[in-house]
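The numbering used here puts the last residue of the sequence shown at 502; the count rises by one with no breaks. Using N, Cα and C, we set each Cβ at its ideal position, and we do this for glycine too. The block underneath contains the structure these notes are about, expressed in C-alpha cells.
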Amino acid sequence: MAESKQWWRDAVLYEIYVRSFADSDGDGLGDLQGIRSRLPYLRGLGVDGLWLTPFYPSPGHDHGYDVADYVDVDPRFGTLTDFDALVADAHALGLRLIVDIVPNHTSNEHAWFRERRDLYVWRDEPNNWPSTFGGPAWTFDEERGRWYLHLFAPEQPDLDWHNPEVPAEFEAILRFWLDRGVDGFRIDVAHALYKDAELRDEVEPFPVTAFSSDWRAGIDRPEVHPLYRGWRRLVDSYPGERVLVGEVVFSDPARVAPYVRPDELHLAFNFTLLFEVWDAERLRATINGSRAALGDVGATPTWVLENHDVTRLPTRYAGGEPGRRRARAAALLLLALPGPVFLYQGQELGLEEAELDDEDRQDPIFFRTHGARTGRDGCRVPVPWTDGAPGFGFTTGSPWLPLPADWGGVAVSAQSGAAGSTLELYRRALALRPRGGGLAWRDGPPGSLVLARGDLTCAVNVSGEPFPLPPGELVLASDPSVQDNLAPDTAAWLRRGAA
Ligand code: GLC
4 MAESKQWWRD AVLYEIYVRS FADSDGDGLG DLQGIRSRLP YLRGLGVDGL
54 WLTPFYPSPG HDHGYDVADY VDVDPRFGTL TDFDALVADA HALGLRLIVD
104 IVPNHTSNEH AWFRERRDLY VWRDEPNNWP STFGGPAWTF DEERGRWYLH
154 LFAPEQPDLD WHNPEVPAEF EAILRFWLDR GVDGFRIDVA HALYKDAELR
204 DEVEPFPVTA FSSDWRAGID RPEVHPLYRG WRRLVDSYPG ERVLVGEVVF
254 SDPARVAPYV RPDELHLAFN FTLLFEVWDA ERLRATINGS RAALGDVGAT
304 PTWVLENHDV TRLPTRYAGG EPGRRRARAA ALLLLALPGP VFLYQGQELG
354 LEEAELDDED RQDPIFFRTH GARTGRDGCR VPVPWTDGAP GFGFTTGSPW
404 LPLPADWGGV AVSAQSGAAG STLELYRRAL ALRPRGGGLA WRDGPPGSLV
454 LARGDLTCAV NVSGEPFPLP PGELVLASDP SVQDNLAPDT AAWLRRGAA
C-alpha cells in the first residue's frame, strides 16, 4: 500500500456499483467474491483504491441505499468472511478499500424503525418539504398517527440526529468497519443529517431537478460540523491514513468548502464537472471556481465525471460518435487535473447509457416518480467483461439488468491490449498521470483548454476547428488521428523536452 503522506490528495478512486460489477454465483447480481476475482484487473488499470456502494442487508427499494442492518453483508452479496477476504486481497495488491455509509436514513425495514421509533423524525403535521425523489417528504404512519420525514423514498425514513442515540449508534458502526480494516467511508448525503430542529417550512422556490439540495435551508445545518470533527478524530485515531469522503450535494463548491476543513472530512465530492456541458469557457470557469472555493480552505477539489446516479458521459456529451470522442478527450482533461479523481465502473470502457425497455427497468424510485422512461438504470447496467461469453462474463445466470446485445466490442476482453481503445487510454493515462503540484493555464486558440502540470501539458480541443499541438513530445492522445494537429473533440498530453 502506498505509504505517502495524505495519499488521498491525488488518488484515483474507482466506484464499484456492487450489484453490477461481477457475479460469482450465477444469481445475476454482482457480489463480493466477484469483486475479489476482478481485483487484478483493477490493479492493472492503475487506480489507487475502490469505493464499494452499499452491500448491507437491504430490501432494495433504493438498491442498497435503504439499509436494514449496517453491520452485516446482504446474503445476496456474500458474507462478512467474504468481506474480510476482499479487504485482505485488496490490501495485498496495494488497493485501498472505502465503504459507503448511509447515515441520513435507514430502510423502513430496519429494526430501529419498528422498535426504536424515536430515532426518526416525526411530526403531527407535515411541513412543505418535497422529497428528492418526488412528492412530499412526509408519510403518515397509521399506527403512530403521526408523519415521518423522508428526504428520499417513503421506504427511507430519516433519522433524527438531534437524538444523541443516533450519533452513538453510528460511532459504533464506523468502529465496526474500521476494525475490519476499511480505509475509510463515503458518506451518503453528508450535508443533510441534521434538520432544522423546528422543521420550519422552506421558503419557495422548490427544486426542479433531482439531487438539487441547493434550495433547502432546513438541512446543511451547523450541528453537522462538530459531528464530522468527531468522526475525523475517530478515523485519524486508526493507523493507515483512512479517509472520510462526503457526498455534499451542492452545485456551488463554496457550500462544499466548510465540510473539508483540515479537522473535518478529508474529501468531498465536487460534482460541478458532472453537470457541466462540453464548452471550453464553461469547463475552465468550473475548474477555476472549484479550485478557488476549495483551495481557500486548504482543501483540494475532487473531480467526478460519472457516478451511479447520472447518465453516462458519452451520452451526456451528445451521444454517438461525437459523444464518445468528447468523453475520451474529457478523460485526459480529468486525469490531468490536480486532486483526487473518482471513476465509475465502466467509465474506463467508454460505456454509453444503456437503452432499456420499460419492463426491464429496476430503479423503482425514478420509475414511480418520474415516469417509466427515466431513471438511473441506464448507467447501472452490468460491466461487460468477455465478448462472446454468456452474460458477457458478468454472470452465468440472467443479469439483473440486461446488457445491450451490441456491447461485445466494448467488453474488457475486446478492449484489453487493443491499440486506441478507451480502456488502454485510461490505463496509459493512469500510469502517466501527474501527481502533486499545481495547475497553470496556458494560452491557446479559442475553444481550447491548455493546462500545464509540471512538465506535462494537456491540450483539449473543444472547438469545431482543428488547431496545432502546443510544443512538447506527444505522449498520449485521445484519438489516433492526433499527430501535429488536434482535431475537434480530441485531447493530447505532451511532455516538455529536457531542453
Ligand atoms: C445518494 C446516492 C443515491 C441514493 C441517495 C439516497 O445520493 O448516491 O444513489 O439514491 O443518496 O440514499
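For residue i, the three-state DSSP class (helix, strand or coil)
i: Leu-128; result: Going by the sequence as given, residue 128 is Glu instead of Leu. Reduced to three states, the DSSP call for Glu-128 is coil.
i: Pro-407; result: coil
i: Pro-393; result: helix
i: Leu-202; result: coil
i: Trp-11; result: helix
i: His-108; result: strand
i: Glu-358; result: coil
i: Trp-150; result: strand
i: Leu-100; result: strand
i: Gly-52; result: strand
i: Asp-255; result: coil
i: Trp-496; result: strand
i: Asn-273; result: coil
i: Pro-133; result: strand
i: Ser-240; result: coil
i: Pro-167; result: coil
i: Leu-459; result: strand
i: Asp-72; result: coil
i: Tyr-320; result: coil
i: Val-280; result: coil
i: Glu-267; result: coil
i: Val-478; result: strand
i: Val-413; result: helix
i: Leu-32; result: coil
i: Phe-86; result: helix
i: Asp-182; result: helix
i: Arg-294; result: helix
i: Thr-289; result: helix
i: Ala-25; result: coil
i: Val-227; result: helix
i: Pro-261; result: helix
i: Pro-325; result: helix
i: Ile-38; result: helix
Cβ neighbour criterion (16 or more within 10 Å) applied to residue i
i: Lys-8; result: exposed
i: Arg-236; result: exposed
i: Ala-295; result: exposed
i: Ala-307; result: Residue identity differs from the one stated: residue 307 is Val in this sequence, not Ala. By the neighbour-count rule (16 or more Cβ atoms within 10 Å), Val-307 is buried.
i: Phe-274; result: buried
i: Pro-317; result: buried
i: Pro-329; result: The sequence given here has Arg at residue 329, not Pro. Answer is buried; the Cβ neighbour count reaches 16.
i: Gly-396; result: buried
i: Gln-486; result: exposed
i: Glu-158; result: buried
i: Ser-401; result: exposed
i: Ser-484; result: exposed
i: Pro-60; result: buried
i: Ala-375; result: Only weak support is given to the placement of Ala-375: the predicted model assigns it a pLDDT of 44, under 50, and the value that follows is read from those uncertain coordinates. Ala-375 comes out exposed.
i: Gly-37; result: buried
i: Val-344; result: buried
i: Ala-156; result: buried
i: Pro-474; result: exposed
i: Pro-265; result: exposed
i: Asn-291; result: exposed
Residue i - partner residues in DSSP beta bridges
i: Asn-488; result: Pro-471
i: Val-386; result: In DSSP, Val-386 forms no bridge with anything.
i: Gly-187; result: Val-246
i: Phe-345; result: Leu-16, Val-307
i: Pro-57; result: Answer is none; Pro-57 lacks a bridge partner.
i: Tyr-123; result: Leu-162
i: Phe-143; result: Trp-150
i: Ser-424; result: None; Ser-424 has no bridge partner.
i: Leu-454; result: Trp-444, Cys-461
Item to complete: Assess, as a yes-or-no matter, whether the stretch 74 to 92 is touched by the stretch 385 to 401 under the definition of 3 or more beta carbon pairs within less than 8 Å.
Response: Output reads no: the stretch 74 to 92 does not touch the stretch 385 to 401.
Discussion item. With three or more C-beta pairs closer than 8 Å as the rule, is the stretch 91 to 101 touching the stretch 136 to 144?
Written reply: As far as the Cβ criterion goes, the stretch 136 to 144 does not touch the stretch 91 to 101, which means the pair count is below three.
Worksheet item: Would the stretch 490 to 500 and the stretch 458 to 469 be scored as touching if the rule is three or more Cβ pairs under 8 Å?
Response: The stretch 490 to 500 vs the stretch 458 to 469: in contact.
Practice prompt. Check whether the stretch 409 to 419 touches the stretch 243 to 262, taking contact to mean three or more Cβ pairs, one atom from each stretch, closer than 8 Å.
Written response: With the cut-off at 8 Å, the stretch 409 to 419 and the stretch 243 to 262 do not touch.
Worksheet item: Does the stretch 147 to 165 come within contact of the stretch 106 to 116, defined as at least 3 CB pairs closer than 8 Å?
Response: A contact exists between the stretch 147 to 165 and the stretch 106 to 116.
Item to complete: Determine, using beta-carbon pairs with one atom in the stretch 433 to 448 and one in the stretch 18 to 29, whether at least three such pairs fall under 8 Å.
Response: No: fewer than three Cβ pairs fall under 8 Å.
Worksheet entry | Contact between the stretch 171 to 188 and the stretch 87 to 94 (3+ Cβ pairs under 8 Å) | These segments touch.
Worksheet item: Is the stretch 322 to 340 touching the stretch 32 to 49, taking contact as three or more C-beta pairs under 8 Å?
Response: These segments do not touch.
Worksheet item: Given 8 Å as the limit, is there contact between the stretch 220 to 232 and the stretch 141 to 151, that is, 3 or more CB pairs closer than that?
Response: Because the criterion of three Cβ pairs below 8 Å is not met, the stretch 220 to 232 and the stretch 141 to 151 do not touch.
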